[in-house]
Amino acid sequence: MITYRLWLAALPAPVPEAEARIFWNCKDEPTPTLDEALRRAPHIYVGSWGEEHEELLPRSCRCPAARLSAWLFFKGTIDRWQAPTLDARLQDELLELLRPRPDDLPAPIARAHEIQSFLSAHAGWSLIPQAEAPPADQDALSPQNP
Numbered sequence: 023m024i025t026y027r028l029w030l031a032a033l034p035a036p037v038p039e040a041e042a043r044i045f046w047n048c049k050d051e052p053t054p055t056l057d058e059a060l061r062r063a064p065h066i067y068v069g070s071w072g073e074e075h076e077e078l079l080p081r082s083c084r085c086p087a088a089r090l091s092a093w094l095f096f097k098g099t100i101d102r103w104q105a106p107t108l109d110a111r112l113q114d115e116l117l118e119l120l121r122p123r124p125d126d127l128p129a130p131i132a133r134a135h136e137i138q139s140f141l142s143a144h145a146g147w148s149l150i151p152q153a154e155a156p157p158a159d160q161d162a163l164s165p166q167n168p
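The opening position of the sequence shown corresponds to residue 23 in our numbering, with each subsequent residue numbered one higher.
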């Protein structure tokens, strides 16, 4: 069984469009600007999910972290390749996606107030989803986050 994890990285500067295109397409090409930004970026753990959350059709993303991941992919690839900028509207959308729904399957998720604080603290920054934890030397890791 595969487990997917979602971390959010906040980047203070926009990501070059060419590097954003490589990132969103999961290509194995160099992205030096993005790599360096991610290495230095504050991160927060959002949650995790398994294959069972994605097997249902239509793909309803039946847990908060999967919904948020899918929405960021949509926001990063529609219109142009980008790291979505965290404005008030995107923050509201992300917080709404994190609210549990009656048909959600059980899945771990971080505390909503921690995610809201992280988003508020990084208004105007770009967001990039990450499947792996940030480097261990960053302060972003906390005891409740895997």
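The C-beta atom is built at its ideal place from N, Cα and C for all residues, glycine as well.
Return helix, strand or coil for D135, following the three-state DSSP convention. The residue asked about is misnamed: residue 135 is His in this sequence, not Asp. Correct three-state label for H135: helix.
Quick check on this structure: which residue in Y26, A31 and P64 has the alpha carbon closest to the alpha carbon of S106? Checking the sequence shown, residue 106 turns out to be Pro, not Ser. Checked all of Y26, A31 and P64; the closest Cα to P106 is A31.
Taking only runs of the alpha helix (DSSP H) that begin and end inside the stretch 71-125, which ones reach a length of at least 4 residues, in chain order? You should have 86-99 and 110-120.
Other residues of its chain near A145: CB distance less than 8 Å, five sequence neighbours each side excluded: The residues are L108, D109, A110 and Q113.
Going by CA-CA distance only, name the one from R61, A92 and P122 that's closest to E154. Nearest to E154 by C-alpha distance, out of R61, A92 and P122, is R61.
Which residue wins for smallest C-alpha separation from E41, given the options C85, P122 and T99? Residue T99 holds the alpha-carbon nearest to the alpha-carbon of E41 among C85, P122 and T99.
Flag this pair as yes or no: are the beta carbons of P151 and S70 separated by less than 8 Å? Their beta carbons are not under 8 Å apart, which means P151 does not touch S70 by this criterion.
Of all the options K49, V37, R89 and D50, which has the alpha carbon lying nearest to the alpha carbon of L117? Of the candidates K49, V37, R89 and D50, the one whose C-alpha sits nearest the C-alpha of L117 is R89.
If you follow the alpha helix (DSSP H) that W46 is in, where does it begin and where does it stop? Run containing W46: E39 to W46, per the alpha helix (DSSP H) assignment.
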